[in-house]
Amino acid sequence: MSNKATVDSKYVSHLGHLAKNQPFARYICLSQSHYLKQLLISMIQKRLEKLEKTKPEVYVFYGKTLDIHEWMDKAESSSFFSSQKILILKDFKSVESKKLKQILSAPEHEMDNQKTVLILEEGISLKEAGAQVSKASNNGWHIVDDATLTKKQWMGRLQKRWEWYGLNPPVEFIEKIMKLTLMDLDLAIEQVDRWGLLYHGNDAVDWNRIDTNHLQPDQAIIFNLSDALLSHDHAKSLSIYFDLTRQGKSSEEIFYFLLNHCILLGKVKTTLELAQSSAAVYEAFKELNRYRLGKLIQQASSLPIQRIYESIEKLLIIDKKSKSQSDTTLETMLTTTIASL
Numbered sequence: 000m001s002n003k004a005t006v007d008s009k010y011v012s013h014l015g016h017l018a019k020n021q022p023f024a025r026y027i028c029l030s031q032s033h034y035l036k037q038l039l040i041s042m043i044q045k046r047l048e049k050l051e052k053t054k055p056e057v058y059v060f061y062g063k064t065l066d067i068h069e070w071m072d073k074a075e076s077s078s079f080f081s082s083q084k085i086l087i088l089k090d091f092k093s094v095e096s097k098k099l100k101q102i103l104s105a106p107e108h109e110m111d112n113q114k115t116v117l118i119l120e121e122g123i124s125l126k127e128a129g130a131q132v133s134k135a136s137n138n139g140w141h142i143v144d145d146a147t148l149t150k151k152q153w154m155g156r157l158q159k160r161w162e163w164y165g166l167n168p169p170v171e172f173i174e175k176i177m178k179l180t181l182m183d184l185d186l187a188i189e190q191v192d193r194w195g196l197l198y199h200g201n202d203a204v205d206w207n208r209i210d211t212n213h214l215q216p217d218q219a220i221i222f223n224l225s226d227a228l229l230s231h232d233h234a235k236s237l238s239i240y241f242d243l244t245r246q247g248k249s250s251e252e253i254f255y256f257l258l259n260h261c262i263l264l265g266k267v268k269t270t271l272e273l274a275q276s277s278a279a280v281y282e283a284f285k286e287l288n289r290y291r292l293g294k295l296i297q298q299a300s301s302l303p304i305q306r307i308y309e310s311i312e313k314l315l316i317i318d319k320k321s322k323s324q325s326d327t328t329l330e331t332m333l334t335t336t337i338a339s340l
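Structural data, given as structure tokens:
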């Protein structure tokens, strides 16, 4: 399994590498993108199968129930049924630190001759993974943690999913999905699968009549609410708030969505002012969805920082009062603030 090529931490880079090369022996797959992680694993399986015309054996372990002796035995021993193996450890951060160190520090050469690929998987960022994982690249582990895609790459992935169902929607429809989901590929793929099963092979789909209103995630709605709020459009702010409550969102959910969004917006605004460069902001917040970050930068660029701080301060006052007073409900305080902020 010797492969000396250098590939950066982007999922798309590793997918491109696998299109022409054999997989590396060790991967650490991070980020919350379930689709890209599964696509990477699927391509690794296909490359191994193509190499020796037989399917590799796949063993899946889970962090909370990991038997370290079984893992090491599978990783280092030959297989009776196939000369190739893939070992996947899900939720690896729940593994005891000493055991994880044993996995990360095992000499790579012991696995090279067995054509074994090890994959550690977790839905977190590299920063959250900690120093032990960050240093694993020094021992042959390839860390894949950047799930960002360009618009063209995102559109291409979704188009391939449509083709799987024998469907070919217009580009405008795919762009609409991209905007509504804030470029959340997993959410978009999930919806395409639903439509794909419904319209499979149908050449007469009227794409203009398909309802997409339900696609808008909470984050997108919070952008709309915060835009209206920070722009002093009180009528629109209240309208969005009551729409959310009719959809089943509680006052607590809306409040904390809004508070967390404004705090993140303040951080982006501060970074943007200090660096005076959007590129520096993308680098500083690379764990965020790129489309969402682009919206944050756009929003931060059009607002004075004092306006953002003022909003955060008033929301924090609501938070404090809601935890210390019982005579006024959070809903009353929130709607009053939305109507006047």
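Under numbering that gives the first Met the number 0, read the sequence shown as residues 0 to 340, first letter to last.
Using N, Cα and C, we set each Cβ at its ideal position, and we do this for glycine too.
Given the structure is predicted, the values throughout are model-derived calculations rather than measurements.
Beta-carbon gap between residue i and residue j smaller than 8 Å
i, j, result
"GLN196", "LEU302", "In the sequence on display, residue 196 carries Leu and not Gln. Cβ distance not < 8 Å, so LEU196 and LEU302 don't count as in contact."
"ASN288", "ASP145", "no"
"TYR34", "ILE188", "yes"
"LEU329", "ALA299", "no"
"LYS320", "THR336", "no"
"VAL116", "ALA24", "yes"
"ILE304", "GLU272", "yes"
"SER277", "LEU257", "no"
"ALA274", "VAL267", "no"
"TYR10", "LEU47", "no"
"ALA219", "LEU179", "yes"
"GLN246", "LEU214", "no"
"LYS98", "LEU119", "no"
"LYS159", "GLN131", "no"
Residue i, buried or exposed, once every other Cβ within 10 Å from all chains shown has been counted against 16
i, result
"TYR26", "buried"
"HIS157", "Reading off the sequence, residue 157 comes out as Leu, not His. Buried."
"ARG193", "exposed"
"MET110", "Summary for MET110: the model assigns pLDDT 43, below 50, so the residue's position carries little reliability; its value from the coordinates is reported in the next sentence. With 16 or more other Cβ atoms within 10 Å, it is buried."
"TYR255", "exposed"
"PHE91", "buried"
"ILE316", "exposed"
"PHE222", "buried"
"HIS260", "buried"
"LYS36", "buried"
"GLU69", "exposed"
"GLU75", "exposed"
"HIS231", "exposed"
"ALA18", "exposed"
"ALA203", "exposed"
"GLU127", "exposed"
"SER236", "buried"
"GLU121", "buried"
Beta-carbon proximity list for residue i, same chain, < 7 Å, skipping 5 on both sides
i, result
"THR244", "none"
"SER82", "GLU51, LYS114"
"LEU340", "LEU228, SER310, LYS313"
"THR149", "none"
"ALA283", "THR270"
"GLN152", "VAL11"
Residue i - partner residues in DSSP beta bridges
i, result
"ARG60", "The question names Arg, but residue 60 is Phe in the sequence shown. Looking at the DSSP assignment, PHE60 forms a beta bridge with LEU88."
"LEU117", "ARG25, LEU86"
"LYS73", "Looking at the DSSP assignment, LYS73 forms no beta bridge with any residue, so it has no partner."
"ILE188", "Looking at the DSSP assignment, ILE188 forms no beta bridge with any residue, so it has no partner."
"HIS13", "None, per the DSSP bridge assignment."
"HIS141", "TYR26"
Close-in-space but distant-in-sequence residues of the same chain around residue i (CB under 6 Å, 5 per side omitted)
i, result
"SER124", "GLU286"
"VAL6", "SER12, HIS13, HIS16"
"TYR164", "GLY195, HIS199"
"LEU103", "ALA135"
"PRO22", "ILE43, ARG46, VAL116"
"HIS233", "ALA338"
"SER93", "GLY62, LYS63"
"ILE67", "LYS98"
Sequence-distant residues of the same chain with beta carbon closer than 8 Å to residue i, five excluded per side
i, result
"ASN112", "At ASN112 the pLDDT is 47, less than 50, meaning the model places this residue with poor confidence; the figure from the coordinates comes in the next sentence. Taken in chain order, the list of residues that qualify is empty."
"MET154", "VAL170, ILE173, GLU174, MET177"
"THR269", "ILE304"
"LYS294", "LEU181, PHE222"
"MET332", "ILE317, LYS320, SER321"
"PRO346", "Nothing about residue 346 can be read from this structure; the chain reaches only from 0 to 340."
"ASN137", "none"
"ILE239", "ILE220, ASN223, LEU224, ALA227"
"SER96", "GLN131"
"TYR308", "GLY265"
Quick check: the region 134-152 against the region 29-40, are there 3 or more CB pairs under 8 Å?
By the Cβ criterion, the region 134-152 is in contact with the region 29-40, since at least three pairs of Cβ atoms, one from each stretch, lie closer than 8 Å.
Counting beta carbon pairs with one atom in the region 85-105 and one in the region 51-64, are three or more of them shorter than 8 Å?
yes
Any contact of the region 36-48 with the region 164-179, i.e. 3+ C-beta pairs under 8 Å?
no
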